[in-house]
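S.K.:
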Amino acid sequence: MDLLHGLMMVVTPEYLAYSFAGCLLGTLVGVLPGVGAASAVAILFPFVTFLPPAGMIITMAAIYYGAQYGGSTTAILVNVPGEVSSMVTAMDGYEMTKQGKPGPALAMAAIASFLAGIAGAIMITFVGPSVARLALLFGPAEYFGLGLFSLTAVAALAGSSLVRGILVTLFGMILASVGFDDSSGLPRLTFGTTALLQGFDLVPVMIGLFGIGEVLSSLREQSSPITTRIGKLMPGRDEMRAGLGAAGRATGICLILGLLPGMMPSIGSFISYSFERYRSRTPQRFGRGAIEGVASAEAANNATAMANLIPLLGLGIPTGPTMALMLAAFTMYGIVPGPLLFTQQAPLVWALIASFFIGNVILLILNLPLVGLWVRLATIPYPILAPIILVVCLVGAYSTRNTMFDVWTCALFGMLGWLMRVRGWPLAPLVLAFVLGPMIERAGRQVLAVSPDLLLHRPAFWFFMVLALIVIWASYRFTMRGELTD
Amino acid sequence: MQDRDTQLPAAGISRNPYSAAALARLVDIALLLLVGFAGIADGLRIILTKADAVGGVPAGGWIVLLGALLVAGTCGHAVREIRAGEDAGTLDSGDQLKQPVIALAMLLIYIALIEPLGYTLSTALFMAVYLRLFGKYGVLTVAGISIAFAFGSSWLWAVMDMMLPQGPLPWP
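Heads up: the sequence lines are chains A and B, in that order.
If you count by this note's numbering, then the first sequence holds residues 50 to 535, one letter each, in order.
If you count by this note's numbering, then the second sequence holds residues 381 to 552, one letter each, in order.
So this is what it looks like as C-alpha cells:
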C-alpha cells in the first residue's frame, strides 16, 4: 500500500522529470572516460541541492544508477572503465567490441542492469522496513559495534591490504575530528585557525577525492578515441538466454552480499564474474568475449548498489562512498536515515523506492536508443573535458557553504585522492571514516557515560565484533590468494 | 653488450625505481605519522588544559587514541614493508607525473585568482592556459572555447542561484 502511494507520487510529471533528469545527467557524466559513478554523484551533488527533499534524493539516486550504466558504455567500447566495477564489464565487453559485437554487449549490459535494478527495488520494498524495525532495538552499544564492524569491513574489503585499509580509516577518522566537538563544543585539531573550526564538509571532500583526484589520475592515461560502429543491437536468442541466466545468478548473489558494509559494487562484480566462470563448462571463453561475463558483471554492479541502500535507509549506515553522499543528501534536509525513517518520513522513502522502479525503466528506454549519442559524447577530447570537470568540481565545492575554504579543501583532497590512487591506498575507507567516525565516537562516549560494563551485556555488540573478526579473517585469506583487488 | 648501469629505461619507467619508490614510501609514512602525532599532541593539549570542561577528557582522549593507533600501525606497516621489500603502490616516472603536477599547480593558481579576479575572468584564463598547454589548440579555438565556457557557465550558475565571486567583471 505504501509502495502504491509512492508510485502515485513519482508518476506525477514533476517527479518523472526528476527521475528522467537524474538518469540523463548520470549517464551523461558516467559515459565520460575516467568518471565513475561515485565521481558523477560527487560532482553533481551540489547542483541538485536547490530541489525539494524528495526531488533531490530521487535525482541523486537516478544519477547514481545512470552513471553506473554510463560507465559500462566506455568500458565496453574503448576499454576505459569509469570505475573499478566496470573493469569486469570491460574484460568481456571490450573483447565483444573487438569481435564486432558492441551492440549486443551494450544491450546485454542495459538489460542485466535493468533486471538487477528491478529485483533490488523489490528487495528494498520488502526487506527495508524489517531492517528498520530491527534497528529500533539498537542503543548506543549496538551502534558502536555496528559502526566498528562497518569500518572494519570497509577497510578489509576496499583494497588489497587490510593494514593499509585500517591505516586509511584511522587517518580519515582523525581528519573527521577537525573542528568543534559536538559533545563538548571544544575545538579540536584546529591549531588556532578559525577556518578549521567548521571542520571539513563531506561534499567538498568527496568532490576532491573522486572528482579532482580522478581527473588528475586520468591525465596519466591516454584513452583511445571511439571509432566503433554499433551495428546490430540485440543479442541472439542463445546469447540472450546465457546472458539472462548469468544476470539472474549475479543478482541473487549480490542482493545478499550487498547488505554487508564495505561490499561495494566492484567487489560484487568480481565475485559474480568469478562464480560465473567457475560454474561454466567453457571457462576459457571468459575474458575473450563471453556475454555471460558482461551480464554477470553489470547485474552484480546494480544489485549490489541497490542492496547497499537497505543498510543506509534502515540503519543509517552507508556501505560505500556513494551511500555516504546519499546520507549527506538526507541530512541536508534534517532527515536522519535509520530506524525511524520508514515511519517519520514514510512518503519520502516510498517515493524514493518507487522511483527505483520508474528510474530503471527510464534508464532502459533512454539508453538503448540513445547509445549512439553516448558514444559521440565519449569522443570529446580529454584536454577539453578535464578543465571543464575541474571547474565544475570547484564550483560545486564552493556552493556547498559559499566559502573559499571548501574550494581549498576540495583541491587539497583532490591532491590526496590522486596521490592515494598513484600509491595504491584505498579511498573508500577514508570516506566512510568521515561519516562513521563521528557516529562511533558519539556512541562510544554515550556507552562510557552510562557504564563501560554495558558492552558486556549487549549480545548484538558481540555479534558485530564476531562479524568484524570473520571479515578480517576472510580478507586475510583472500588477500593471501590474491583474489581481492582494489 | 651494454653495461647494466648504462642501459636506458623503457619509456614510462623511472630511471631509479628503487630510490623513487623508497622516497614515495617515505612520504606516505611521514604524512600518516604527521597526522597521527597531530592527533596525539592536540588530544593531550585538550586533556591537560580543558579537563574541567564537560566532555573535555573524552574529546581529547578520542583523538589521542586514534593518533596513537595510527602512529603504532604506521610504524608496524613501515617495518613490515621494509623487511619484506614490498610496496603495494606504484610510482610513475617523471614524464607521467608531469601532466598531473602541472594541472594541479594550475588549479591552485586558479583557486587563488577566483576571489580577486572573479569567477568568469579566472575561469576564462584557466581554461585558456589549460587548453593551450595540454590541448595544443590554435589561439582562436582556445579563446573561443574559454570565453564561451566561462561566460556560459557563469550564466548557468546564476540561473541556478549560485553566488560566485564576481570580481571586477559584473557578469551576469
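Positions of the beta carbon are idealized from the N, C-alpha and C atoms, including for glycine.
1) Where does residue 284 of chain A sit, in a helix, a strand or coil, going by DSSP?
2) Do the stretch 333 to 345 of chain A and the stretch 443 to 450 of chain A make contact, defined as three or more Cβ pairs closer than 8 Å?
3) If residue 387 of chain A sits next to residue 364 of chain A, beta carbons under 8 Å apart, how far is it from one beta carbon to the other, in whole angstroms?
4) Using CA coordinates, which residue listed in B/458, B/495, B/529 is at the minimum distance from residue 402 of chain B?
5) Assign residue 499 of chain B to one of two classes, buried (16 or more other C-beta atoms within 10 Å of its C-beta) or exposed (fewer than that).
6) Could you give the residue range of the alpha helix (DSSP H) that holds residue 438 of chain B?
7) List the DSSP bridge partners of residue 229 of chain A.
8) Return no unless some Cβ of chain B is closer than 8 Å to the Cβ of residue 517 of chain A.
9) Excluding the 5 residues flanking residue 196 of chain A on each side, which residues of the same chain have their C-beta closer than 7 Å to its C-beta?
10) My parser needs the beta strand (DSSP E) runs of 3 or more residues fully inside the stretch 128 to 169 of chain A; what are they?
11) Report all residues from its chain with a CB closer than 7 Å to the CB of residue 526 of chain B; omit the five preceding and five following residues, and keep chain order.
12) Rounded to a whole number of angstroms, what is the C-alpha to C-alpha distance between residue 483 of chain B and residue 441 of chain A?
13) Considering only C-alpha positions, which residue in the set A/351, A/466, A/366, A/380 is nearest to residue 116 of chain A?
14) For residue 411 of chain B and residue 203 of chain A, I'd like the C-alpha separation in whole angstroms.
15) Within 8 Å of any Cβ in chain B, is that where the Cβ of residue 254 of chain A sits?
16) Can you say whether residue 312 of chain A is buried or exposed, counting buried as having 16 or more other CB atoms within 10 angstroms of its CB?
17) Can you name the start and end residues of the alpha helix (DSSP H) that residue 193 of chain A belongs to?
18) In its own chain, which residues sit with a C-beta less than 6 Å from the C-beta of residue 372 of chain A, not counting the 5 before and 5 after it?
19) Please name the residue, chosen from A/79, A/107, A/173, A/97, that lies closest to residue 68 of chain A on a Cα-to-Cα basis.
20) Nearest-angstrom Cα distance between residue 428 of chain A and residue 435 of chain A?
21) Confirm, please, whether the CB-CB distance from residue 223 of chain A to residue 515 of chain B is below 8 Å.
22) Are any of the Cβ atoms in chain B nearer than 8 Å to that of residue 462 of chain A?
23) Applying the criterion that 16 or more other CB atoms from any shown protein chain within 10 Å of the CB defines a buried residue, is residue 451 of chain A buried or exposed?
24) Alpha carbons only, please: which of B/433, B/480, B/541 is nearest the one belonging to residue 513 of chain B?
25) Per the contact definition of three or more C-beta pairs closer than 8 Å, is the stretch 239 to 252 of chain A in contact with the stretch 498 to 512 of chain A?
26) Once the 5 residues before and after residue 521 of chain A are set aside, which same chain residues still bring their CB inside 6 Å of it?
27) Do residue 454 of chain A and residue 191 of chain A count as a contact pair if the criterion is CB distance below 8 Å?
28) In whole angstroms, give me the CA-to-CA distance for residue 537 of chain A and residue 124 of chain A.
29) Between residue 547 of chain B and chain A, is the shortest Cβ-Cβ distance under 8 Å, so that the two count as touching?
30) Skipping 5 residues on each side, what residues in its chain have a beta carbon closer than 6 Å to that of residue 349 of chain A?
31) Tell me, please, whether the CB atom of residue 398 of chain A is closer than 8 Å to any CB atom in chain B?
32) Drop a sphere of 10 angstroms on the beta-carbon of residue 498 of chain A, count the other beta-carbons inside from all chains shown, and report buried for 16 or more, exposed for fewer.
33) What span of residues does the alpha helix (DSSP H) with residue 546 of chain B cover, start to end?
34) Leaving out five residues before and five after residue 52 of chain A in sequence, what residues of the same chain have Cβ atoms less than 7 Å from its Cβ?
35) Let's see if you can read the secondary structure: which residues bound the alpha helix (DSSP H) around residue 59 of chain A?
36) Excluding the 5 residues flanking residue 446 of chain B on each side, which residues of the same chain have their C-beta closer than 6 Å to its C-beta?
M.R.: So, from the data block:
1) coil
2) no
3) 6 Å
4) B/458
5) Under this definition residue 499 of chain B is a buried residue.
6) Looking at the DSSP string, the run of the alpha helix (DSSP H) that includes residue 438 of chain B is 436 to 464.
7) A/236
8) no
9) 485, 488, 489, 492
10) none
11) So the qualifying residues of the chain are 504, 507, 508, 511.
12) 15 Å
13) A/351
14) 22 Å
15) no
16) Classification for residue 312 of chain A: buried.
17) 189 to 206
18) Only 357, 361 meet the Cβ criterion.
19) A/107
20) Each residue's Cα considered, the two are about 13 Å apart.
21) no
22) no
23) exposed
24) B/480
25) no
26) 205
27) no
28) What is shown of chain A runs 50 to 535, which leaves residue 537 of chain A out entirely.
29) no
30) 299, 303, 317, 318, 321
31) No, residue 398 of chain A does not count as interfacial toward chain B.
32) exposed
33) Note, residue 546 of chain B: premise wrong, no alpha helix (DSSP H); not H, not E.
34) 174, 399, 402, 403
35) Its alpha helix (DSSP H) spans residues 51 to 59.
36) 419
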